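Read top to bottom, the protein sequences are chains A and B.
Just so we're aligned, residue 1 is where the first sequence starts under full-length UniProt numbering, counting upward by one.
Just so we're aligned, residue 1 is where the second sequence starts under full-length UniProt numbering, counting upward by one.
Note that the Cβ used here is the ideal one computed from N, Cα and C, for glycine as well.
Note that the coordinates shown come from a computational prediction; the quantities given were computed from them, not determined experimentally.
Just below is one structure, and these are the notes that go with it.
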Amino acid sequence: MSIIISTIQKCCVKSLEEKLLALSLTSTTQIREKHKLNPPPRLRNPTWFTKQNRVVKEEFLTHENKEFLREIVQDKVVESESKLPVVSPKEWNDKLQRTGVIARKVGIYPMWLKDGTRIQTTLLQVLDNHVIRYYTPEEYDPPRKQVGGIKNKKGCLLLGAESADPSEFTKEYCGLFRESGVIPKRVLSRFFVSPDAVLPLGTQVNVLHFQVGNVVDVRGKTVDRGFQGVMKRHGFKGMPASHGVTKTHRKGGCIGGGGEKGRVWPGTKMPGHMGNRHRIQKGLKILRINTKYNIMWVSGQAIAGETNSIVTIYDTKLPLRKPTNPVPFPTYIGEIDSTIPEDIYDEQVHMFNDPTISYDEK
Amino acid sequence: MFSSLYPFYMVFRVKMFLNIRNGLSVATNSSKVIRQLCTKAAAFENVTNNKQSNESSKNNVVDYRHIYPEFLPDPKPEFRNVLREKLERSDMIARRTQIQIPEFYVGSILAVTSSDKHTPGKNNRFVGICIDREGCGLRATFILRNVIEQQGVEVKFELYDPTLHKIEVLRLEKRLDDKLFYLRDALPQYSTFDPNMEPELLPGGSTVPVNNLKVKLKPKPWLERWERQNLQGVEDLGLPEKFYIRAKELEKPWEKYDLMKDYMKTIPEEEQTEIFSEVQSHLHKLEVTRKQMKRKRVFVKPSKLA
Chain A
1 MSIIISTIQK
11 CCVKSLEEKL
21 LALSLTSTTQ
31 IREKHKLNPP
41 PRLRNPTWFT
51 KQNRVVKEEF
61 LTHENKEFLR
71 EIVQDKVVES
81 ESKLPVVSPK
91 EWNDKLQRTG
101 VIARKVGIYP
111 MWLKDGTRIQ
121 TTLLQVLDNH
131 VIRYYTPEEY
141 DPPRKQVGGI
151 KNKKGCLLLG
161 AESADPSEFT
171 KEYCGLFRES
181 GVIPKRVLSR
191 FFVSPDAVLP
201 LGTQVNVLHF
211 QVGNVVDVRG
221 KTVDRGFQGV
231 MKRHGFKGMP
241 ASHGVTKTHR
251 KGGCIGGGGE
261 KGRVWPGTKM
271 PGHMGNRHRI
281 QKGLKILRIN
291 TKYNIMWVSG
301 QAIAGETNSI
311 VTIYDTKLPL
321 RKPTNPVPFP
331 TYIGEIDSTI
341 PEDIYDEQVH
351 MFNDPTISYD
361 EK
Chain B
1 MFSSLYPFYM
11 VFRVKMFLNI
21 RNGLSVATNS
31 SKVIRQLCTK
41 AAAFENVTNN
51 KQSNESSKNN
61 VVDYRHIYPE
71 FLPDPKPEFR
81 NVLREKLERS
91 DMIARRTQIQ
101 IPEFYVGSIL
111 AVTSSDKHTP
121 GKNNRFVGIC
131 IDREGCGLRA
141 TFILRNVIEQ
151 QGVEVKFELY
161 DPTLHKIEVL
171 RLEKRLDDKL
181 FYLRDALPQY
191 STFDPNMEPE
201 LLPGGSTVPV
211 NNLKVKLKPK
221 PWLERWERQN
231 LQGVEDLGLP
241 EKFYIRAKEL
251 EKPWEKYDLM
261 KDYMKTIPEE
271 EQTEIFSEVQ
281 SHLHKLEVTR
291 KQMKRKRVFV
301 KPSKLA
């Protein structure tokens with residue numbers, strides 16, 4: 001009995017000693033605050049931001065060899081597309097967030113509604129979107145941390161579009177696609193999804209992911225206009241053309257007050273670089289879908305970017321315009337075949353085949 | 001490698017220019033180099049192409065680009081996309097199954113029947129002279145002008161607007177100018193047309209007549225400086241000499257020899273043939289069905305009341 005007690009006492013003493021030692025160490029030894037001298041960068045690029053394009057040198061290949069390489073690439077494309085992952089449909093509710101898609105802005109042309117009003121529509125071609133990678137909510141480390149953390153953390157789904165010849169990319173970039181087995185893509189984009197809305201790697205997302213009549217947000221990069229003056233950039237009036245005005249016809253004029261506030265206030269509108277920024281156009285209605293060419297017509301003509309530029313589309317975040325009827329969840333499952341009509345119109349839209357609009361006399 | 005290919009490339013480019021300008025006046029005093037290249041190009045063409053098969057289709061395209069100008073897309077490269085243009089064309093044809101859009105030009109007199117919410121009968125018929133035609137694809141428009149109760153009225157119609165019921169050509173003709181905006185400053189008699197005008201029929205197979213009418217403008221003030229626009233369909237303006245001197249100064253006579261500018265403003269002929277060969281069969285089918293319908297209508301037995 002006594003032996004046991006003595007051993008317990010010994011243990012306690014030992015642990016106490018260790019603790020004291022540790023305390024004394026922290027209090028006495030000096031630690032240089034190295035992390036403060038050279039802190040890690042606040043903004044880190046996501047893991048998929050690698051150098052994309054290889055420096056292409058002229059390889060003196062014969063015509064046959066080039067053909068052979070092209071065949072190999074095509075075989076790879078066929079091979080990657082033949083392995084279709086199984087996606088099981090799940091029940092949708094309005095709290096869930098689905099993935100978006102990568103698309104190309106193809107152009108703008110007018111359409112008419114059934115009451116005869118003319119509206120401008122933008123054509124967005126949904127490209128060959130494939131799921132490249134998924135980061136679980138715990139895994140995903142955002143470049144910008146929010147103060148206080150995020151509730152209901154979402155997972156991050158990386159999608160790629162526009163299959164290309166892998167030889168134009170770097171090895172590192174091609175490595176991103178190894179896991180999913182998809183042929184390397186030119187465009188990558190990430191979408192935050194609820195953990196329930198995750199798609200298996202290699203799944204293709206097509207235009208039927210969206211439904212006619214629903215509302216989407218479109219994010220694009222505005223036209224790069226370079227360094228612009230104040231009249232073009234902020235719509236200032238400029239100065240008069242005559243009446244003794246010299247050399248200040250397109251200048252902004254005064255930029256700050258005097259006295260106590262005698263400085264230029266932050267945020268003053270001044271000349272600078274205009275455009276080439278990501279901008280989101282929210283609340284655009286899908287008016288028509290073409291399943292043959294994967295095109296959707298969306299209301300409005302002010303989507304950022306020039307024709308043939310890349311945009312991303314996702315379900316709207318506007319709280320009052322979210323879909324009420326169930327949408328394909330996690331995405332549209334199945335092939336687009338002959339059972340699906342080529343053109344799906346919204347009920348408001350006048351089809352071009354329809355007879356001429358006439359108003360009834362009341 | 002590239003340097004040896006370059007002359008061939010040039011020949012090809014010049015050939016393309018010439019093809020585009022088949023119907024237009026070709027610059028006579030262009031530089032010697034171009035002329036030499038032309039001969040080369042012609043020789044090249046002789047060797048490679050079998051001319052006879054191509055000629056018939058070429059003529060067709062030349063006709064089509066005047067009859068259906070809106071099928072040619074905007075030549076600005078920053079707005080072009082092959083897929084969009086294709087879809088737009090298919091939509092245009094779909095609309096054409098519902099309405100007959102006839103051949104007409106600036107200067108023709110048209111009657112457009114359209115449904116209008118605000119008119120008592122919910123239908124509106126407007127007769128007027130076409131003073132402008134512009135836009136391509138589904139956004140093609142034309143402007144009709146008439147003088148109604150001593151008031152000049154202009155209506156801009158969209159060619160593919162589904163509220164249009166009928167577009168009739170009352171008089172098919174061309175004027176001396178591409179745009180007739182000067183009618184706004186002309187005496188009202190030149191843009192007054194009877195709303196109950198009967199359609200004038202041209203004998204089949206005849207070319208579109210050109211009306212050589214010279215319009216008399218009202219005295220200044222005008223909406224535009226017409227003396228600077230080299231108008232053909234206008235009588236002598238009767239201005240002081242200084243206006244003509246200034247107009248002469250601002251003239252750009254070299255622009256009609258600017259092949260590059262012309263090239264940028266037009267769709268190359270190869271593309272035109274591609275577009276119209278795609279559209280041709282549809283348009284032809286529509287025409288045939290329309291003719292059949294017409295014949296059917298002719299043979300309807302007249303009722304007693306008639």
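Cut-off 8 Å between Cβ atoms - residues of its own chain near residue i, not counting five sequence neighbours on either side
i: B/K174; result: Y105, V106, G107, S108, V208, P209, V210, N211
i: A/P110; result: R118, I119, Q120, T121
i: A/G148; result: none
i: B/N123; result: T113, S114, S115, D116, H165
Helix, strand or coil at residue i [DSSP, three-state]
i: B/V26; result: Residue confidence is low: B/V26 scores 37 on pLDDT, short of 50, so the model does not pin down where it sits. No coordinate-derived value is stated.
i: A/C156; result: strand
i: B/M197; result: coil
i: A/W112; result: strand
i: A/H278; result: strand
i: B/Y263; result: helix
i: B/T163; result: coil
i: residue 387 of chain A; result: This structure leaves residue 387 of chain A out entirely; chain A is present only between 1 and 362.
i: B/N60; result: helix
i: A/G226; result: strand
i: A/N45; result: coil
i: B/A41; result: Unreliable placement is indicated for B/A41, whose pLDDT of 47 sits below 50; the coordinate value is still reported in the next sentence. In the structure shown, B/A41 sits in a helix (DSSP, three-state: H, G or I).
i: A/F352; result: coil
i: A/E139; result: coil
i: A/Y359; result: coil
i: A/S80; result: helix
i: B/V279; result: helix
i: B/Q272; result: helix
i: A/S15; result: helix
i: A/V207; result: helix
i: A/V187; result: strand
i: A/S88; result: coil
Beta-bridge partners of residue i, as assigned by DSSP
i: B/A111; result: B/V127, B/E168
i: B/N146; result: B/V153
i: A/I102; result: A/T312
i: B/V106; result: Bridge partners of B/V106: none, in fact.
i: A/F192; result: A/C156
Spatial neighbours of residue i in its chain, beta-carbon cut-off 6 Å, leaving aside the 5 residues before and after
i: B/V61; result: Q272, T273, F276
i: B/H282; result: I93
i: B/M293; result: none
i: B/D132; result: I143, K179
i: A/Y345; result: R288, M351
i: A/D354; result: none
i: B/E287; result: none
i: residue 363 of chain A; result: There is simply no residue 363 of chain A to check, as chain A begins at 1 and stops at 362 in what is shown.
Boundaries (first-last residue) of the beta strand (DSSP E) holding residue i
i: A/L124; result: 118 to 126
i: A/V182; result: No beta strand (DSSP E) holds A/V182; DSSP gives it neither H nor E.
i: A/Y135; result: 129 to 135
i: A/I344; result: 343 to 345
i: A/V216; result: 215 to 221
i: A/I313; result: 310 to 315
i: A/W297; result: 295 to 299
N- and C-terminal bounds of the alpha helix (DSSP H) containing residue i
i: B/F243; result: 241 to 250
i: B/S90; result: 82 to 96
i: A/Y173; result: 171 to 175
Own chain partners of residue i with C-beta closer than 7 Å, once the 5 adjacent residues on each side are dropped
i: A/K154; result: Q97, P137, F192, V193, S194
i: B/E88; result: G137, L138
i: B/L223; result: R184, D185
i: B/G233; result: R175, L176, D177, L213, K214, V215
i: A/M231; result: G238, R250
i: A/W92; result: P326, V327, F329
i: A/Q52; result: F169, T170, Y173
Distance cut-off 8 Å: residue i Cβ against heavy atoms of the ligand NAD
i: B/N123; result: Although the ligand NAD was asked about, the structure shown includes no ligands whatsoever.
Length-filtered (3 minimum) beta strand (DSSP E) runs lying within the region 244 to 288 of chain A | 272 to 274
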